[in-house]
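Novice: Following the numbering used here, the numbering of the sequence shown begins with 109 at its first residue and continues without gaps.
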Amino acid sequence: MTPSQASPSYRATERTVPTRSRERASHDRELVHSILDETSVCHLGFVRDGAPVVLPTLYGRVGDRLYVHGSTGSRPLRMAGQADPGLEVCLTVTHVDGLVLARSAFHHSINYRSVVVHGTARQVTDAEEKRTALDALVDHVVPGRSADSRPANARELAATAVLRLDLDEVSAKVRTGGPSDDLEDLVLPHWTGVVPLVRGYGAPVPADDLDPSVPLPAYLSAL
Numbered sequence: 109m110t111p112s113q114a115s116p117s118y119r120a121t122e123r124t125v126p127t128r129s130r131e132r133a134s135h136d137r138e139l140v141h142s143i144l145d146e147t148s149v150c151h152l153g154f155v156r157d158g159a160p161v162v163l164p165t166l167y168g169r170v171g172d173r174l175y176v177h178g179s180t181g182s183r184p185l186r187m188a189g190q191a192d193p194g195l196e197v198c199l200t201v202t203h204v205d206g207l208v209l210a211r212s213a214f215h216h217s218i219n220y221r222s223v224v225v226h227g228t229a230r231q232v233t234d235a236e237e238k239r240t241a242l243d244a245l246v247d248h249v250v251p252g253r254s255a256d257s258r259p260a261n262a263r264e265l266a267a268t269a270v271l272r273l274d275l276d277e278v279s280a281k282v283r284t285g286g287p288s289d290d291l292e293d294l295v296l297p298h299w300t301g302v303v304p305l306v307r308g309y310g311a312p313v314p315a316d317d318l319d320p321s322v323p324l325p326a327y328l329s330a331l
């Protein structure tokens, strides 16, 4: 039985239960996946030479695993490729859905959806899993794109390293709704409410050297 079949929720651990605003936290597997699937960039944190490092990078999800990739010469990928236990990391993803403007400066906030993953990243060495992971990375940016592009050749695969991070210690945190002003501030004459932030796509711009006979793919029209 796979983890996703075993339970609708991820297990709560000391690292995945927040100390503040616990009511906003969730370990629901479907919610975690929906937040991860809606954006393309994560922040990968680890310790290098005794100091914290956080890198923005693309990622892809396959079931209960996340994959990130980079050059075989990059420091975190080399560190994860060393003998077990791999590289201890913290990976985060955040969506900002709205600016929450309160009457008081103290109660200004944002509406957001976030995921935090703790775990050990390991380098993918199996060739088939590596190809699956790279396809997932491409399709995570634009669904359907991996089937409409040339796969990586042997030279490119040799120059590319992929990290695998299992979704084991993971949680989501969400804030929705309007401002939470103090009762004594409700009479103040300041505008208050939420400014929604909406993500959108512009019309695709063809490359200068694109053959005019090549049509716009349906998966791009769908965006």
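Virtual Cβ for every residue (Gly too), placed ideally from N, Cα, C.
List the endpoints of the continuous beta strand (DSSP E) containing HIS226.
Specialist: 217-231
Novice: For LYS281 versus VAL197, is the C-beta distance shorter than 9 Å?
Specialist: no
Novice: With HIS151 and VAL140 assumed to form a contact (beta carbons below 8 Å), what rounded beta-carbon distance in angstroms separates them?
Specialist: Not confirmed; about 16 Å, so no contact.
Novice: Go to ASP144, then tell me how far its alpha helix (DSSP H) extends in each direction, as first and last residue.
Specialist: Checking the sequence, you will find Leu at residue 144 rather than Asp. Looking at the DSSP string, the run of the alpha helix (DSSP H) that includes LEU144 is 137-145.
Novice: Going by DSSP, name the residue or residues bridged to HIS177.
Specialist: VAL270
Novice: So if DSSP puts HIS151 in a beta bridge, which residue, or which two residues, is it bridged to?
Specialist: PRO164 and THR200
Novice: Is HIS203 near the ligand ZN - that is, is its Cβ less than 8 Å away from at least one heavy atom of it?
Specialist: The ligand ZN is absent from the structure shown, which contains no ligand whatsoever.
Novice: For the candidate residues ARG253, PRO325, GLY301 and ALA330, whose alpha-carbon lies nearest to that of SER212?
Specialist: GLY301
Novice: Going by DSSP, what residues sit across from SER279 in a beta bridge?
Specialist: VAL224
Novice: Assign ASP247 to one of three DSSP states: helix, strand, or coil.
Specialist: Looking at ASP247 - three-state DSSP - the assignment turns out to be helix.
Novice: Identify, in the order they occur along the chain, each residue of the same chain with its Cβ nearer than 6 Å to the Cβ of LYS238, setting aside the five sequence neighbours on each side.
Specialist: Residues VAL232 and VAL270 of the same chain have their beta carbon placed closer than 6 Å to that of LYS238, with the five preceding and five following residues left out of the count.
Novice: Decide if GLY206 is buried, meaning its Cβ has at least 16 other Cβ atoms within 10 Å, or exposed.
Specialist: buried
Novice: Could you compute how far the alpha carbon of VAL201 sits from the alpha carbon of TRP299?
Specialist: In this structure, the CA atom of VAL201 is about 31 Å from the CA atom of TRP299.
Novice: Express the C-alpha separation of LEU242 and PRO259 in angstroms, rounding to a whole number.
Specialist: 9 Å
Novice: For ARG169, which of GLY153, VAL149 and VAL155 has the nearest alpha-carbon?
Specialist: VAL149
Novice: For ALA133, write down the residues that DSSP places opposite it in a beta bridge.
Specialist: LYS281
Novice: Could you spell out where the beta strand (DSSP E) holding GLY310 opens and where it closes?
Specialist: Unbroken run through GLY310: none, as it is neither H nor E.
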